[in-house]
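Trainee:
2 protein chains.
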Amino acid sequence: MSQPRILTVGSGAIGGIYSWRLSKSSQVTNVCRSNYAIVNENGFSFDSKKFGQDVFKPHNVVRTVSEAADLDKDTPFDYILVTMKALPEIYNVADIIAPAVTPGKTTIVLIQNGLGVEEPIVANFPENPIISIVAYIGTSQVSPGHISMVGNESLVVGTYLRSKVDNTEQKKLFLDLLQKGGVDAVDVDDVERVRWQKLFWNASFSPVCAMTGMNTSEVLNNKEALASVRNVMKDVIMSANAMGYEFDVEEQMHTMVDRTEKTAKDYKPSMQLDFERKQPMEVEVILGTPLREAKAKGLAVPYLEVMHDICSAANAKTLLDKKSQL
Amino acid sequence: MSQPRILTVGSGAIGGIYSWRLSKSSQVTNVCRSNYAIVNENGFSFDSKKFGQDVFKPHNVVRTVSEAADLDKDTPFDYILVTMKALPEIYNVADIIAPAVTPGKTTIVLIQNGLGVEEPIVANFPENPIISIVAYIGTSQVSPGHISMVGNESLVVGTYLRSKVDNTEQKKLFLDLLQKGGVDAVDVDDVERVRWQKLFWNASFSPVCAMTGMNTSEVLNNKEALASVRNVMKDVIMSANAMGYEFDVEEQMHTMVDRTEKTAKDYKPSMQLDFERKQPMEVEVILGTPLREAKAKGLAVPYLEVMHDICSAANAKTLLDKKSQL
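Going down the list, the protein sequences come from chains A and B. With my numbering as the guide, the letters of the first sequence map in order to residues 5 to 330. With my numbering as the guide, the letters of the second sequence map in order to residues 5 to 330.
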């Protein structure tokens, strides 16, 4: 059997790392934007304790999804791996990947933050299998094409229960491809629960760090900052429970704060880095979706609400300022 | 009768303007810090539509309150006018003015933002009359000693009901001194009510502008920013009502938003300017005191709480960064 064809859309740090690992057993094409010239010429270079130092040249490097679709028109992509920032307030991922999706054939794999990222995919490609992945990894693109990765990584590879199409076979194969690349990938039947749990941290620490300018350790050492982390986190846990999950509020809060103290010293969440770089933050998938889900269930979540609203407005301000510079 | 002796502590825009107006009928000494050299040499210069263009040379310019106290030891100051930023989290105004306060004699006049600014004064100088003033004015020190003032101004000159000392006579005289200087000063018996009402705006628009980076017009045009303004404002109005006032929540919210649309276009509140300049914001007197008052009454004010907590942490971060630069 020939190697699976994979298209990676979003070739930053996450997209680079997993393209590289999948390339051990697959033919990977990368859509690159700002790093196109470098990656097309030299490939990606990596510095990782877990995976080593290496250079990876993709099978193809292209500038757009349409260009990828034109490469070998008769052979559909088996997988499209989406590793773009999740910004439904700015673009629709479904529109971006559409040219390379073969209905009923291509499996769409999302490695994205937040909640609700599968919705536009299922709505636009109801006949395609979907694999929804939550990543736990510390990595960044330190300069175009150069990717640094600290510590370990793991992927929770899941089923999105609101999808109409079974993904059992495709998920099994994809797990196998990941594991051949040395990735720590585990299989779950309901990825939504994992996404909620990751939000307990990401919807509380991230916006508090972004708004106050404090890193995780500074937040932990400041009574008021930690109070807002806990208040927002409590709202998010209660929202998850309103959706039918059964998380113990105090236990989850304790675990999240405790783990941050032990493993995330002086850390700046991606939302904070985005804000400092005057890039849009992933507000809707991290704060907006849980807020809407809670409100739909009639739950009052005032701490989450005000945090969503000011971060959303801060994003709008970033866009206003960019426009005024044009 | 000789002219009253007035000492102004805090010689920025507000301190400069009202020292100038009071100098028409009083002998004014100014404590200057960053603008000492310029003001000592040339006085303050003003550019105001209401009061005209002028230069004002204070009777004395000093660097510290102690220096002022040494000027004419046998004649107490009749009034100490405090126009410093209200930052109880950083300094205690009572300690700063102490060298120039003659017990039982000097009247202490506060032109400061927020709620609770009188508390440390009453605690430290229980025998001295106190006059508490709320200012409505748009003015700034554009360069050291040079003060620009737009539009009109007005002062609400009040009695602080928790004071143990009657201020009737001193307030009447001080109103007269202000009015001789052309100031639009009105007399009220309970200044606390006016302070609360000013907070409806200042505790909602100001932190939302500061955290989002939006000016007032941008906030009014953004659904989420305006939603957080309204949510926080509602909490503050309910807090005022819990303290015994009777404000109509919807009417106040409508008035505040409507007035902002009409009279505060593209305006940046002082809290926002402080944040942008990496100066401490007046968080405690604007957000902290109403939060504590509400909590003491058993009222839940989650929107106000989270806004207080992140602004307080942002202030702490400003101080951390300043320390690390030393």
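Just so you know, even glycine gets a beta-carbon here, dropped at the ideal spot from N, CA and C. Bear in mind the structure is a predicted one, so any value in this text is a computation, not a measurement.
Just reading off the alpha helix (DSSP H) that Y83(B) is part of, what are its end residues?
Mentor: Here the question's residue 83(B) lines up with position 79 in the second sequence. Counting along the chain, Y83(B) falls outside any alpha helix (DSSP H), though it belongs to the beta strand (DSSP E) covering Y83 to V86.
Trainee: If you follow the beta strand (DSSP E) that F60(B) is in, where does it begin and where does it stop?
Mentor: Residue numbering aside, residue 60(B) sits at position 56 when the second sequence is read from its first letter. Residues G56 to F60.
Trainee: Is S232(B) close to chain A? Criterion is C-beta to C-beta, closer than 8 Å.
Mentor: Here residue 232(B) corresponds to residue number 228 of the second sequence, with the count starting at 1. So, interface residue.
Trainee: Report yes or no: is there a C-beta of chain E within less than 8 Å of the C-beta of L91(A)?
Mentor: The question asks about chain E, but that chain is absent: this structure's protein chains are A and B.
Trainee: Report the rounded CA-to-CA distance for I151(A) versus T110(A), giving the unit in angstroms.
Mentor: Counting from 1 along the first sequence, the entry for residue 151(A) is found at position 147. Counting from 1 along the first sequence, the entry for residue 110(A) is found at position 106. Spanning the two alpha carbons is a distance of roughly 28 Å.
Trainee: Taking the beta strand (DSSP E) that L114(A) falls in, what are its first and last residues?
Mentor: For this step, residue 114(A) is matched to residue 110 along the first sequence. Segment T111 to I115, the beta strand (DSSP E) holding L114(A).
Trainee: Express the C-alpha separation of Q116(B) and P8(B) in angstroms, rounding to a whole number.
Mentor: Along the second sequence, one-based indexing puts residue 8(B) at 4. Along the second sequence, one-based indexing puts residue 116(B) at 112. P8(B) and Q116(B): Cα-Cα distance of roughly 22 Å.
Trainee: Suppose you measure from the CA of A231(A) to the CA of D325(B); what does that come to, to the nearest Å?
Mentor: The residue you call residue 231(A) lines up with position 227 of the first sequence. The residue you call residue 325(B) lines up with position 321 of the second sequence. Their backbone Cα atoms lie some 21 Å apart in a straight line.
Trainee: What residues in the segment 214-242 of chain B bring their beta carbon closer than 8 Å to a beta carbon of chain A?
Mentor: From the segment 214-242 of chain B, only M215, T216, G217, M218, E222, V223, N226, E228, A229, A231, S232, N235 and V236 have a Cβ closer than 8 Å to chain A.
Trainee: On the DSSP bridge assignment, give the partners of A189(B) in chain order.
Mentor: Mapped onto the second sequence, residue 189(B) falls at position 185. Looking at the DSSP assignment, A189(B) forms a beta bridge with L159(B).
Trainee: What's the C-alpha gap between N64(A) and S15(A)?
Mentor: Looking up residue 64(A) in the first sequence gives position 60. Looking up residue 15(A) in the first sequence gives position 11. Whole-angstrom Cα-Cα distance: 12 Å.
Trainee: Of all Cβ atoms in chain B, is any one closer than 8 Å to the Cβ of S316(A)?
Mentor: Numbered from 1 along the first sequence, position 312 holds the residue referred to as residue 316(A). Interface residue, yes.
Trainee: Thinking C-beta only, is R25(A) closer than 8 Å to G185(A)?
Mentor: Indexing the first sequence from 1 puts residue 185(A) at position 181. Indexing the first sequence from 1 puts residue 25(A) at position 21. Going by C-beta atoms, G185(A) is nearer than 8 Å to R25(A).
Trainee: Measure the alpha-carbon distance for Y22(A) versus T143(A) and round it to whole angstroms.
Mentor: Numbered from its first residue, the first sequence carries residue 22(A) at position 18. Numbered from its first residue, the first sequence carries residue 143(A) at position 139. When rounded, the distance between both Cα atoms is 11 Å.
Trainee: Please list, in chain order, the chain A residues whose beta carbon lies closer than 7 Å to that of M285(B).
Mentor: Within the second sequence, numbered from 1, the residue matching residue 285(B) stands at position 281. Per Cβ cutoff of 7 Å: no residues; M285(B) is ~12 Å from chain A at best.
Trainee: In three-state DSSP terms, what is H63(A)?
Mentor: Residue numbering aside, residue 63(A) sits at position 59 when the first sequence is read from its first letter. Coil.
Trainee: Within 10 Å of its beta-carbon, does G2(B) have 16 or more other beta-carbons around it, so buried, or fewer, so exposed?
Mentor: Because chain B is modelled from 5 through 330, residue 2(B) falls outside the range shown and cannot be assessed.
Trainee: Return the CA-CA distance between L224(A) and A318(A), expressed in angstroms with no decimal places.
Mentor: Mapped onto the first sequence, residue 224(A) falls at position 220. Mapped onto the first sequence, residue 318(A) falls at position 314. Taking the straight line from one Cα to the other gives about 23 Å.
Trainee: Please classify F178(B): does DSSP put it in a helix, a strand, or coil?
Mentor: The residue labelled residue 178(B) in the question sits at position 174 within the second sequence. Helix at F178(B).
Trainee: Does the segment 35-50 of chain B come close enough to the segment 150-166 of chain B that 3 or more CB-CB pairs lie under 8 Å?
Mentor: The segment 150-166 of chain B is in contact with the segment 35-50 of chain B.
Trainee: Who are the neighbours of M311(A) on chain B, taking C-beta pairs under 7 Å?
Mentor: Counted from its first residue, the first sequence places residue 311(A) at position 307. The answer, in chain order, is V310.
Trainee: Which runs of the alpha helix (DSSP H), 4 residues or longer, sit entirely within the segment 274-307 of chain A?
Mentor: If we require 4 residues or more, the alpha helix (DSSP H) runs fully inside the segment 274-307 of chain A come out as 274-280 and 293-300.
Trainee: Can the beta-carbon of G141(B) be found less than 8 Å from the beta-carbon of V113(B)?
Mentor: Translated into the one-based positions of the second sequence, residue 141(B) becomes position 137. Translated into the one-based positions of the second sequence, residue 113(B) becomes position 109. Just to set this straight, residue 141(B) is Ile in the shown sequence, not Gly. Against a cut-off of 8 Å, the Cβ pair of V113(B) and I141(B) comes out as no contact.
Trainee: Does F209(A) come out as helix, strand or coil in the three-state DSSP assignment?
Mentor: Residue 209(A) sits at position 205 when you count from the first residue of the first sequence. Here F209(A) sits in helix by DSSP.
Trainee: My assumption, with CB atoms under 8 Å, is that N235(A) sits in contact with Y164(A). Please give the rounded CB distance.
Mentor: As a first step, residue 235(A) is located in the first sequence; it is residue number 231 there, counting from the start. As a first step, residue 164(A) is located in the first sequence; it is residue number 160 there, counting from the start. Not a contact, Cβ separation roughly 30 Å.
Trainee: Using a beta-carbon distance below 8 Å, is V66(B) in contact with chain A?
Mentor: On the second sequence, residue 66(B) is found 62 positions in, with the first residue counted as 1. No - not a single Cβ of chain A is within 8 Å of the one on V66(B).
Trainee: So the candidates are T264(B), K202(B) and F279(B); which of them puts its Cα closest to the Cα of A244(B)?
Mentor: Stepping through the second sequence from its first residue, residue 244(B) is reached at position 240. Selected option, being the one with the closest Cα: K202(B).
Trainee: Alpha carbon to alpha carbon, what distance is there between T79(B) and K28(B)?
Mentor: Taking the first residue of the second sequence as 1, we reach residue 28(B) at position 24. Taking the first residue of the second sequence as 1, we reach residue 79(B) at position 75. Rounded to whole angstroms, K28(B) to T79(B) spans 20 Å at the Cα level.
Trainee: If you reduce the DSSP assignment to three classes, tell me which class Q31(A) lands in.
Mentor: Residue numbering aside, residue 31(A) sits at position 27 when the first sequence is read from its first letter. Q31(A) falls in the strand class under three-state DSSP.
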